[in-house]
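Undergrad: Handing you this structure, nothing more for now.
There are 2 protein chains.
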Amino acid sequence: MTKTGNRSSSAVEDYLERIQELIETKGYARVVDIAGSLGISQASVTNMVKRLDAEGFVRHEKYRGLVLTEEGESIAKAIGKRHRILTDFLNLLGVASAEVERDVEGMEHHLSADSLEAIESLCRELSSNPELLLRIKRSERESK
Amino acid sequence: MTKTGNRSSSAVEDYLERIQELIETKGYARVVDIAGSLGISQASVTNMVKRLDAEGFVRHEKYRGLVLTEEGESIAKAIGKRHRILTDFLNLLGVASAEVERDVEGMEHHLSADSLEAIESLCRELSSNPELLLRIKRSERESK
DNA sequence: TAAATAAATTAGCCAAGGCTAATTTTCATG
DNA sequence: CATGAAAATTAGCCTTGGCTAATTTATTTA
Numbered sequence: 005m006t007k008t009g010n011r012s013s014s015a016v017e018d019y020l021e022r023i024q025e026l027i028e029t030k031g032y033a034r035v036v037d038i039a040g041s042l043g044i045s046q047a048s049v050t051n052m053v054k055r056l057d058a059e060g061f062v063r064h065e066k067y068r069g070l071v072l073t074e075e076g077e078s079i080a081k082a083i084g085k086r087h088r089i090l091t092d093f094l095n096l097l098g099v100a101s102a103e104v105e106r107d108v109e110g111m112e113h114h115l116s117a118d119s120l121e122a123i124e125s126l127c128r129e130l131s132s133n134p135e136l137l138l139r140i141k142r143s144e145r146e147s148k
Numbered sequence: 005m006t007k008t009g010n011r012s013s014s015a016v017e018d019y020l021e022r023i024q025e026l027i028e029t030k031g032y033a034r035v036v037d038i039a040g041s042l043g044i045s046q047a048s049v050t051n052m053v054k055r056l057d058a059e060g061f062v063r064h065e066k067y068r069g070l071v072l073t074e075e076g077e078s079i080a081k082a083i084g085k086r087h088r089i090l091t092d093f094l095n096l097l098g099v100a101s102a103e104v105e106r107d108v109e110g111m112e113h114h115l116s117a118d119s120l121e122a123i124e125s126l127c128r129e130l131s132s133n134p135e136l137l138l139r140i141k142r143s144e145r146e147s148k
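Going line by line, the protein sequences match chains A and B. Quick note, my numbering runs 4 ahead of the 1-based positions in the first sequence. Quick note, my numbering runs 4 ahead of the 1-based positions in the second sequence.
Written out as structure tokens, the structure reads:
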């Protein structure tokens, strides 16, 4: 039985998400890579990595990189999915991309599965309904 | 010229929002009321109130209550509006109310004005388009 | 108006997550 | 294979925003 209810902090989620991205894009995620990618100090990353390791989210081989455990990966995947759905959503609405990034990064840790799914369905509908999107964007412009 | 760019922390926003609600509903917001309403200790509230006062968001009269300054009120109003828009949005999508509350409280501090406006417009469209809402809800049920 | 109660404050603590500076460990290369 | 560079870690510090327990201050009420 996989432990499930264990809510992780935003910070933990951010780290796991980023670690996975790094592994996907560069093939590895060392302390120094994570620090660079998150824009924080190596020392801070070392600390957090200790914690992630202790809590069973990653396995760490010095100078070699991190590997996500099954549990770590499942969290990373979930948060990655949230990220994609929310990005999609705001993009569909025509929000400027710099803002999309910031907003999504802020929001992604605070959505229940239900809300996520609802937004996902909404995106499906919006995607297949360009006129609707046009109306929404028009209505935005007007209300400004 | 009103100072505008000064981003406040989530905690500050939460306090101001709650203070305004209390003033609206009970007519006053004392330390003890805020503590009760936010579910935290009076001591913590005293601390934060000192800060809010020092930063010019509230004026405090002991045993009498807090008053929002112009700046405090404008922040409170803005965050209140975010709260309403997001609540609306998730309600429209049919998310269960307990979750709506939690999600909104988490998200409301992380949305740019642009995203907010886009979601607002979207809500307008959704409200006037019950079939669309039905389709979305159906599609949710199916994807479960 | 004095005593009881309620509100507020103070002092001292904690955890999360950041930071810098200094040090250690490993890697890569001449 | 020695050494310089890169990566990692350690030590010690900071801020935010919580907490409890003890104390003070104001308000209410008998």
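C-beta: ideal position from N, C-alpha, C; glycine also.
#1: Using 8 Å as the cut-off, can you tell me whether the stretch 138 to 146 of chain B makes contact with the stretch 124 to 132 of chain A, which would need three or more C-beta pairs spanning the two stretches below that distance?
#2: Using a Cβ-Cβ cut-off of 8 Å, state whether B:M111 counts as contacting chain A.
#3: Mind listing which residues of the stretch 79 to 109 of chain A have their C-beta closer than 7 Å to chain B's C-betas, in chain order?
#4: Taking all protein chains shown into account, do 16 or more other C-beta atoms lie within 10 angstroms of the C-beta of A:E21, making it buried, or fewer, making it exposed?
#5: Residues in its own chain within less than 7 Å of B:I27 by CB, not counting five upstream and five downstream?
#6: Chain B beta carbons: is any one of them nearer than 8 Å to that of A:R11?
#7: B:L136 and B:M111: beta carbons closer than 8 Å?
#8: Would B:I140 pass as an interface residue toward chain A - the criterion being a Cβ-Cβ separation below 8 Å?
#9: Taking any Cβ of chain A, which residues in the stretch 114 to 128 of chain B have a Cβ under 8 Å from it, in chain order?
#10: Give the secondary structure of A:S12 by DSSP, where H, G and I count as helix, E and B as strand, and everything else as coil.
#11: Starting from A:E65, trace the beta strand (DSSP E) both ways and give me its first and last residue.
#12: By a C-beta neighbour count over all protein chains shown, 10 Å radius and 16 as the cutoff for buried, is A:K7 buried or exposed?
#13: Cβ of B:E121 within 8 Å of Cβ of A:S13?
#14: Measure the Cβ-Cβ separation of A:R106 and B:S116 and say whether it is below 8 Å.
#15: What are the partner residues of A:G69, as DSSP defines its beta bridges?
#16: Would DSSP call A:G98 helix, strand or coil?
#17: Buried or exposed: which applies to A:L97, given that a residue is buried once 16 or more other Cβ atoms fall within 10 Å of its Cβ?
#18: Closer than 9 Å by beta-carbon distance: list the chain B residues that pair up with A:S147, in chain order.
#19: With distances taken from CA atoms, which of A:L70, A:A82 and A:N95 is nearest A:A39?
#20: Residues in the same chain with beta-carbon distance under 7 Å from A:S41, minus the five sequence neighbours each way, listed in chain order, please.
TA: The short version:
#1: Look at the beta carbons and you see the stretch 138 to 146 of chain B touching the stretch 124 to 132 of chain A: at least three pairs across the two are nearer than 8 Å.
#2: Within the second sequence, the letter at position 107 stands for residue 111 of chain B. It does; some Cβ of chain A falls within 8 Å.
#3: Cβ contacts with chain B come from L94, L97, G98, V99, A100, E103, R106 and D107.
#4: The residue you call residue 21 of chain A lines up with position 17 of the first sequence. By the C-beta density criterion, A:E21 is buried, having at least 16 other C-beta atoms within 10 angstroms.
#5: Along the second sequence, read from residue 1 onward, the residue named residue 27 of chain B stands at position 23. Closer than 7 Å at Cβ, skipping near neighbours: A33.
#6: In the first sequence, the residue the question calls residue 11 of chain A occupies position 7. Not closer than 8 Å to any Cβ of chain B, the Cβ of A:R11 fails to qualify, so no.
#7: Reading the second sequence from its first residue, position 132 is the one you call residue 136 of chain B. Reading the second sequence from its first residue, position 107 is the one you call residue 111 of chain B. Not a contact, by the Cβ cut-off of 8 Å.
#8: Locating residue 140 of chain B in the second sequence gives position 136, where the first residue counts as 1. Residue-level contact check: B:I140 touches chain A, since one or more beta carbons of chain A fall below 8 Å from its beta carbon.
#9: Answer in chain order: H114, L115, S116, D118, S119, E121, A122, I123, E124, S125, L126 and R128.
#10: The residue labelled residue 12 of chain A in the question sits at position 8 within the first sequence. A:S12: coil per DSSP, three-state reduction.
#11: The count along the first sequence starts at 1 and reaches residue 65 of chain A at position 61. In the DSSP annotation of this structure, the continuous segment of the beta strand (DSSP E) that includes A:E65 starts and ends at V62 to E65.
#12: Locating residue 7 of chain A in the first sequence gives position 3, counting from the first residue. Low local confidence applies: a pLDDT of 38 at A:K7 is under 50, so the model's placement there is unreliable, with the coordinate-based value given in what follows. Exposed, by the Cβ-count rule.
#13: Taking the first residue of the second sequence as position 1, residue 121 of chain B is located at position 117. Taking the first residue of the first sequence as position 1, residue 13 of chain A is located at position 9. Not in contact: B:E121 and A:S13 (Cβ atoms no closer than 8 Å).
#14: As a first step, residue 106 of chain A must be located in the first sequence, where it is residue number 102. As a first step, residue 116 of chain B must be located in the second sequence, where it is residue number 112. Pairing A:R106 with B:S116 gives a Cβ-Cβ distance under 8 Å.
#15: Here residue 69 of chain A refers to the residue found at position 65 of the first sequence. According to the DSSP secondary-structure assignment, A:G69 is paired through a beta bridge with A:E65.
#16: Position 94 of the first sequence, counted from the first residue, corresponds to residue 98 of chain A. A:G98: coil per DSSP, three-state reduction.
#17: As a working mapping, residue 97 of chain A is identified with position 93 in the first sequence. By the Cβ-count criterion, A:L97 is buried, with 16 or more other Cβ atoms from all chains shown falling within 10 Å of its own Cβ.
#18: Position 143 of the first sequence, counting from 1, holds the residue named residue 147 of chain A. Those are E121, E124, S125 and R128, listed as they occur along chain B.
#19: The residue labelled residue 39 of chain A in the question sits at position 35 within the first sequence. Of the candidates A:L70, A:A82 and A:N95, the one whose C-alpha sits nearest the C-alpha of A:A39 is A:L70.
#20: The residue labelled residue 41 of chain A in the question sits at position 37 within the first sequence. Only R22 and L26 meet the Cβ criterion.
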